[in-house]
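Take a look at the structure below.
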Amino acid sequence: DTEVTQTPKHLVMGMTNKKSLKCEQHMGHRAMYWYKQKAKKPPELMFVYSYEKLSINESVPSRFSPECPNSSLLNLHLHALQPEDSALYLCASSQERSLAGVNEQFFGPGTRLTVL
Amino acid sequence: AQKVTQAQTEISVVEKEDVTLDCVYETRDTTYYLFWYKQPPSGELVFLIRRNSFDEQNEISGRYSWNFQKSTSSFNFTITASQVVDSAVYFCALLSSGSARQLTFGSGTQLTVLP
């Protein structure tokens, strides 16, 4: 299984809603990532988890709250978002560093989020 | 500081033509990794290739080939005999050994293959 899955595929929410994005992988990867991608732009890194611990937070506003309940799952909890947060949210995973160096990240299909 | 430049914003070709996507990178690290990803309209980023800085051997995979030249800091991607299904945004990305797991992406090249 070389797949990263994400749910939901599409999400529309109001600025006062609370919602969660989910990501799952069964490749045994111990590093997982959240990216945000605006239209016609490259992905921007938001968070990195390594062995279920948050290792990188790219100064993301607190209205985005990541969670890694186990080695296969990654969540992104959303609360009080703004319309400018509308974007494609991508999850990725990779093996942790090996003797070969860093490893490629495998991406999920993303969740298209619209904040009204 | 790291930087990846994909100067070609959009390219259109007719099916069966060859097309080369350019990628130029900047890094101060001596150990680094270069990647190409394909993003079709569905949104998923599909991993195509990884190249380590200490391995300058070019690679061919079917209709895809990659030309890595450290002397010019370039990692170009050629699609031979393009097909409509190759239409996508292609991203070149760089990860340096000193940058943890932060992939630096280029701005992407939108490739449209016309029938």
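Residue numbers (the working numbering), protein chains in the order written: chain R, -16 to 99; chain V, 11 to 125. We put the beta carbon where it would ideally sit given N, CA and C, even for glycine. Since the model is a prediction, treat every value here as computed from it, not as a measurement.
- Each residue's CA atom was taken as its position, placing residue 86 of chain R and residue 92 of chain V some 28 angstroms apart.
- If you compare the alpha carbons of R:78, R:92, R:97, R:27 with that of residue 69 of chain R, the shortest gap goes to R:97.
- By the Cβ-count criterion, residue 42 of chain R is exposed, with fewer than 16 other Cβ atoms from all chains shown falling within 10 Å of its own Cβ.
- 8 angstroms or more divides the Cβ of residue 53 of chain R from the Cβ of residue 5 of chain R.
- Within the segment 48 to 59 of chain R, not one residue has a Cβ closer than 9 angstroms to any Cβ of chain V.
- Pairing residue 38 of chain V with residue 103 of chain V, the inter-Cα distance amounts to about 15 angstroms.
- One Cα belongs to residue 89 of chain V, the other to residue 21 of chain R, and the distance between them is close to 27 angstroms.
- For residue 85 of chain R, the C-beta contacts it makes with chain V under 8 angstroms involve 43, 105, 107, 111, in order along the chain.
- Contact of residue 54 of chain V with chain R is assigned, a C-beta pair being separated by under 8 angstroms.
- With respect to chain R, the C-beta atom of residue 101 of chain V has a partner C-beta closer than 8 angstroms.
- Using a CB distance cut-off of 8 angstroms, residue 117 of chain V counts as an interface residue toward chain R.
- One finds nothing in chain R with a Cβ atom closer than 8 angstroms to the Cβ of residue 78 of chain V; even the nearest lies about 15 angstroms away.
- Annotation: Cβ neighbours of residue 89 of chain R in chain V (cutoff 8 angstroms, chain order): 57.
- In the three-state scheme derived from DSSP, where H, G and I count as helix and E and B as strand, residue 82 of chain V is classed as helix.
- For residue 69 of chain V, the three-state secondary structure derived from DSSP is strand.
- At least one CB of chain V lies nearer than 8 angstroms to the CB of residue 92 of chain R.
- Put simply, the backbone Cα of residue 50 of chain V is about 26 angstroms away from that of residue 42 of chain V.
- Residue -11 of chain R places its beta carbon less than 8 angstroms from that of residue 74 of chain R.
- In this structure, residue 54 of chain V places its C-beta atom within 8 angstroms of the C-beta atom of residue 92 of chain R.
- Judged by beta-carbon spacing, residue 87 of chain V lies within the 8 angstroms limit of residue 100 of chain V, meaning their Cβ atoms are closer than that value.
- For residue 101 of chain V, the enclosing beta strand (DSSP E) starts and ends at 98 to 106.
- For residue -9 of chain R, no CB of chain V lies under 8 angstroms from its own CB, so it is not counted at the interface with that chain.
- In summary, residue 11 of chain V is exposed, with fewer than 16 beta-carbon neighbours lying within 10 Å of its beta-carbon over all protein chains present.
- Contact with chain V is absent for residue 66 of chain R, since none of that chain's Cβ atoms lies less than 8 angstroms from the residue's Cβ.
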